[in-house]
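Take the position in the sequence shown, starting the count at 1, then add 49; the result is the number in the working numbering.
Positions of the beta carbon are idealized from the N, C-alpha and C atoms, including for glycine.
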Amino acid sequence: MVDVLLENVTKRFGKVTAVSNLTLEVKDGDFMVLLGPSGCGKTTTLRLIAGLETPDTGNIYIGGVLANDLSPKERNVAMVFQRYALYPYMTVFDNIAFPLKIRKLPAHEIREKVRRVAEQLKIDHLLDRKPRQLSGGQQQRVALARALVREPQLFLMDEPLSNLDAKLRILMRTELKKLHQTLKITTIYVTHDQEEAMTLGNRIAILNDGILQQVGGPLEVYERPANMFVAGFIGSPAMNMLDGELIEKNGKFIGDFGIISYPISPQVAKECSSEKIVLGIRPEHINISEKRLPGGFKAKIEVVEPLGREYVISINADGIVLTVLTKLEKLVQPGDEVWVKFDEENVHIFDKKTQKRLGKPTE
Numbered sequence: 050m051v052d053v054l055l056e057n058v059t060k061r062f063g064k065v066t067a068v069s070n071l072t073l074e075v076k077d078g079d080f081m082v083l084l085g086p087s088g089c090g091k092t093t094t095l096r097l098i099a100g101l102e103t104p105d106t107g108n109i110y111i112g113g114v115l116a117n118d119l120s121p122k123e124r125n126v127a128m129v130f131q132r133y134a135l136y137p138y139m140t141v142f143d144n145i146a147f148p149l150k151i152r153k154l155p156a157h158e159i160r161e162k163v164r165r166v167a168e169q170l171k172i173d174h175l176l177d178r179k180p181r182q183l184s185g186g187q188q189q190r191v192a193l194a195r196a197l198v199r200e201p202q203l204f205l206m207d208e209p210l211s212n213l214d215a216k217l218r219i220l221m222r223t224e225l226k227k228l229h230q231t232l233k234i235t236t237i238y239v240t241h242d243q244e245e246a247m248t249l250g251n252r253i254a255i256l257n258d259g260i261l262q263q264v265g266g267p268l269e270v271y272e273r274p275a276n277m278f279v280a281g282f283i284g285s286p287a288m289n290m291l292d293g294e295l296i297e298k299n300g301k302f303i304g305d306f307g308i309i310s311y312p313i314s315p316q317v318a319k320e321c322s323s324e325k326i327v328l329g330i331r332p333e334h335i336n337i338s339e340k341r342l343p344g345g346f347k348a349k350i351e352v353v354e355p356l357g358r359e360y361v362i363s364i365n366a367d368g369i370v371l372t373v374l375t376k377l378e379k380l381v382q383p384g385d386e387v388w389v390k391f392d393e394e395n396v397h398i399f400d401k402k403t404q405k406r407l408g409k410p411t412e
């Protein structure tokens, strides 16, 4: 196993900066997920670590060794791509054995290593088949086996589950997590799927426009997002955002958001760059009821979407549309009037200009 450190790494392609001054530490044994929208720089970051790209500035250390000038082979990393790149004319055995044959290992050693990794991934009964005879999930396991058989010190994955259907993707997420818990190989995993990131990674690095936004555990980035981008990107349905103003009255501060207002602590107010602020509240932290809720406000139901045990409900309060995620004892209907109250402990205040999270109103 090995740790990885990217230190002030920048990579440009012509006039486009794909990765900007990135500093990121991946600890020994981590399952680090690089998360962000398409074009945010996550795949470029992975390719820089693999040695498939060279940084314009900055340094990359693998196991404490400066790797900038090391070839991909010298870095002892294994990479699984979105497209599995299996050789169609080779059997599963030969596909898995290929990197060992390149290294000219003895035949008996190759057979033993292939058998062991195939059993581990439950594909030992497929060794005589060709890739075209396999399902998408089986092909993905073969690609993983080919990477694992090299016994790498670092495992790199670039959206390996994106070509699978939804049910199989969930199954393979579980398999990947179990595999990492067993092998404990340092893993860096790229995805644009925030649900995949939350379930797989013990740490998540969120990128946007080539810039690192936040690094933390799944609950940390969900419950304490560093800025509005992270708050809006993590979570489904997305966090509700309400524009507001910071008002000072007799030495006290109030956040006025139109349909609701909150006292703002001096500490939070002090961090504001201007009077423009934003309230963030996740859909599951909004309570609705047909009965009056003290400290709440009225709204009208617009859309009700059943999700089995929960409902996604769109409500309109004086022209402000909010999304609510809730379990209801009595189902509401479009057109119904309800009382709405935010869970104040889970309200976030952001600086509209800097986009940074300032804290909770009373923090």
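| query | result |
| --- | --- |
| Where F391 falls: helix, strand or coil (DSSP) | strand |
| Member of L83, A134, N212 and M290 whose CA lies at the smallest distance from the CA of G329 | M290 |
| Residues bridged to I326 [DSSP beta-bridge criterion] | G293 and D400 |
| Length of the line joining the Cα atoms of I237 and Q189 | 17 Å |
| Candidates D143, L149 and H157: closest to V191 by CA position | D143 |
| CB-CB length for I145 against V163, believed under 8 Å | 5 Å |
| The region 156-171 touching the region 114-125, judged by at least three CB pairs closer than 8 Å | no |
| E224 - partner residues in DSSP beta bridges | Paired residue(s): none; E224 is not in a bridge. |
| Where F282 sits in the DSSP three-state scheme | helix |
| Beta-carbon contacts of A69 that lie in its chain and below 7 Å, excluding the five residues immediately before and after | At residue 69 the sequence reads Ser, which differs from the Ala that was named. Taken in chain order, the residues that qualify are T59, G259 and I260. |
| DSSP state of F306 mapped onto helix, strand, coil | coil |
| Exposure of E297, with buried meaning 16 or more beta-carbon neighbours within 10 Å | exposed |
| Closest Cα partner of L256 within the set L380, D242, K319 and N395 | D242 |
| R218 vs L210 beta-carbon contact at 9 Å | yes |
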